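One structure is given below, encoded as structure tokens.
Numbering (my numbering), first residue to last: 60 to 418.
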């Protein structure tokens, strides 16, 4: 069990490296009393999404689009160098004792990085748990031992293809905790409803993590879900049932929808957008961004000659954090959702924003 006390913002975080369980306390006052308030931010990112991949063999093949997934990193058309092991090691060195886990990603499958084994070993040796998402397209059985030994969990993106199923079966057979990452959009929500209502997902998986489609990269605006779509209400209301909730997870972008369409989910299990507050993204070209979906280059802080700590406390990040302030005045749910997405407001699934119900 790893424990971190944020002395500046007066809260404590706990992380179990064996199970992935994590919890964050309320803010404590000078006398050590619980104020009942959630902390707004941390002194250093608790979670980093590290884009070790600059190019994507799966994306370049066209199979992403063929499967109905519109890659926000535009792996079909954009190709850059992968992050070097040396740069990755420097990130981990700065995170040691401060960041519990990292998610490996970027524009491509991390397991296809030329030094993938070195990367996950280095992170785990320094008490930082690495997790990653793969399409399964090039997943090699030779990597299974190093994944099992060093990674907390693996997510397989739902591409509805033979390599999707093969990767899931391979990982499960090796005893590796395996999730499914499912992109939820206008073109996939009917399938998602059926998947949960009839439990047609593969047995043995840990959870299905639902991620909202964003109109970024190859993502089209017409695929963004609408809060007035009755299918959206039907889908999210499913998770008032324990049998569905116990098999699912969501990105923080989905919090407004959960608040609008469920009644039985405990507030303590809901984490609003943590971008720039508790987490950040490092791009393959070595810039720190509050969120991997943030496309404004003014939000990216180059790390070549700057520490992670300095970038985290930079003016660019302060400007980003102010996007959360003053939104949705008077709304009773504000503290639980912080007004929805600060990067792409149109994905915020909130009826109150649409004027359907009062705050």
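A virtual CB, placed ideally from N, CA and C, is assigned to each residue, including glycine.
Treat the numbers as computed from the prediction; the structure is a model and nothing was measured.
- Of the residues assessed, residue 345 falls on the buried side of the cut-off, its CB having 16 or more other CB atoms within 10 angstroms.
- Counting only runs that start and end inside the segment 194-276, the alpha helix (DSSP H) elements of at least 4 residues fall at 203-209, 221-232 and 248-256.
- By the Cβ neighbour-count rule, residue 406 is buried, with 16 or more other Cβ atoms within 10 Å of its own.
- Around residue 94, the same chain offers 85, 86, 87 and 88 as residues with beta carbons nearer than 8 Å, after the five sequence neighbours per side are excluded.
- Contact between residue 270 and residue 242 is confirmed by a C-beta separation of about 5 Å, below the 8 Å threshold.
- DSSP, reduced to helix, strand and coil, places residue 63 within a strand of the structure shown.
- Residue 178 holds the alpha-carbon nearest to the alpha-carbon of residue 148 among 81, 178, 157 and 317.
- Annotation: residue 189 to residue 391 spans about 36 Å, alpha carbon to alpha carbon.
- Here residue 190 is bridged, per DSSP, to 162.
- In this model, residue 104 and residue 253 are separated by some 37 Å (Cα to Cα).
- In the DSSP annotation of this structure, the continuous segment of the alpha helix (DSSP H) that includes residue 290 starts and ends at 289-296.
- The three-state reading of DSSP puts residue 347 in strand, counting E and B together.
- Residue 264 holds the alpha-carbon nearest to the alpha-carbon of residue 226 among 264, 258 and 259.
- By the criterion of at least three beta-carbon pairs nearer than 8 Å, the segment 282-298 is not in contact with the segment 358-373.
- Boundaries of the beta strand (DSSP E) harbouring residue 83: 81-83, taken from the DSSP string.
- Under a 10 Å Cβ-count criterion, residue 213 is classified as buried, with 16 or more other Cβ atoms of the shown protein chains found around its own Cβ.
- Nearest to residue 119 by alpha-carbon distance, out of 256, 311, 146 and 196, is 196.
- Shown here, residue 77 sits in coil according to DSSP, grouped into three states, outside any helix or strand.
- By the Cβ-count criterion, residue 141 is buried, with 16 or more other Cβ atoms from all chains shown falling within 10 Å of its own Cβ.
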